[in-house]
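Residue numbers (the UniProt record's numbering): 1 to 179.
Glycine is no exception: its CB is placed at the ideal position from the N, C-alpha and C atoms.
Please read the structure below before turning to the comments.
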């Protein structure tokens, strides 16, 4: 588990670094996005990864890794939006946004550690393409929950789905880093 924890932290630190740099460039403009818009952004990233995995020819020289980073960062933004709601004008400093980023990484990593213990690190035997498919499945679930105005009868909520997407994307990044 220690190795997983260290690998997880390394991936998250790479994502966090990019998040902070983009906050410096753009501020918290993402705070105006409603939740379905963030879900759609994540969907675009996941669809692109799937296309990269299916197609032999690439017309844009970017790989899966940058898209998985996008999934992680957009999912964290979505968790922030779930807590704070969207705004009409950017309202967070880089420092405030980073505190929120770290809060949701901590919560999500804790969830991963519990599930990873119970599942016996089964993700290590999974293919990156399967992790991509699971992310797409979670996105379709989130879209359905959004269409149902956030209500579920027996299923976990939107937040748990975003957390699972983060964790699947981190696992995929770990696999890609080991390749």
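Please classify residue 149 as buried or exposed, where buried requires at least 16 neighbouring CB atoms within 10 angstroms. Counting from one through the chain shown, the residue named residue 149 turns up at place 149. The residue in question, residue 149, is exposed, as its Cβ has fewer than 16 Cβ neighbours within 10 Å.
Check whether residue 92 and residue 28 have beta carbons under 9 Å apart: As a first step, residue 92 is located in the chain shown; it is residue number 92 there, counting from the start. As a first step, residue 28 is located in the chain shown; it is residue number 28 there, counting from the start. The answer is yes: Cβ separation under 9 Å.
So, for residue 45: in the same chain, excluding its five sequence neighbours on each side, which residues have a beta-carbon less than 6 Å away from its beta-carbon? Sequence index remark: in the chain shown, residue 45 carries index 45 (1-based). Cβ neighbours of residue 45 beyond the five flanking positions: 67, 70, 71.
For residue 172 and residue 155, the rounded distance between their alpha carbons: For the purposes of this step, residue 155 is identified with residue 155 of the chain shown, where counting begins at 1. For the purposes of this step, residue 172 is identified with residue 172 of the chain shown, where counting begins at 1. The alpha-carbon atoms of residue 155 and residue 172 are separated by roughly 25 Å.
Three-state class that DSSP yields for residue 68 in the structure shown: If you number the chain shown from 1, residue 68 lands on position 68. Of the three classes helix, strand and coil, the one that applies to residue 68 here is helix, per DSSP.
Judging by CA-CA distance, which residue of 10, 143, 153 is the nearest neighbour of residue 78? The residue you call residue 78 lines up with position 78 of the chain shown. Checked all of 10, 143, 153; the closest Cα to residue 78 is 143.
Which of helix, strand or coil does DSSP assign to residue 118? Residue mapping note: residue 118 aligns to position 118 of the chain shown, counting from 1. Reduced to three states, the DSSP call for residue 118 is helix.
Out of 25, 17, 3, 170, which has the shortest C-alpha to C-alpha gap to residue 108? Stepping through the chain shown from its first residue, residue 108 is reached at position 108. Considering only alpha carbons, the answer is 170.
Which of helix, strand or coil DSSP assigns to residue 88: Counted from its first residue, the chain shown places residue 88 at position 88. Here residue 88 sits in coil by DSSP.
Since I believe residue 94 is in contact with residue 24 (beta carbons under 8 Å), could you give me their beta-carbon distance rounded to a whole number of angstroms? In the chain shown, the residue the question calls residue 24 occupies position 24. In the chain shown, the residue the question calls residue 94 occupies position 94. Their Cβ separation, rounded to whole angstroms, is 6 Å, which keeps residue 24 and residue 94 in contact under 8 Å.
For residue 120 and residue 113, what's the separation of their Cα atoms in angstroms? Locating residue 120 in the chain shown gives position 120, counting from the first residue. Locating residue 113 in the chain shown gives position 113, counting from the first residue. Using only the alpha carbons, I get a separation of about 10 Å.
Spatial distance of residue 57 from residue 73 (CA atoms): For the purposes of this step, residue 57 is taken as the residue at position 57 of the chain shown. For the purposes of this step, residue 73 is taken as the residue at position 73 of the chain shown. Near 27 Å, if we compare the C-alpha coordinates of residue 73 and residue 57.
For residue 37 and residue 124, the rounded distance between their alpha carbons: As a position in the chain shown, residue 124 is number 124, starting the count at 1. As a position in the chain shown, residue 37 is number 37, starting the count at 1. Their backbone Cα atoms lie some 31 Å apart in a straight line.
Is it buried or exposed, residue 11, if we count other Cβ atoms within 10 angstroms and call 16 or more buried? Working through the chain shown from its first residue, we reach residue 11 at position 11. Residue 11 comes out buried.
Pull up the distance between the alpha-carbon of residue 165 and that of residue 40, whole angstroms please. Taking the first residue of the chain shown as 1, we reach residue 165 at position 165. Taking the first residue of the chain shown as 1, we reach residue 40 at position 40. If you take the alpha carbons of residue 165 and residue 40, they lie about 13 Å apart.
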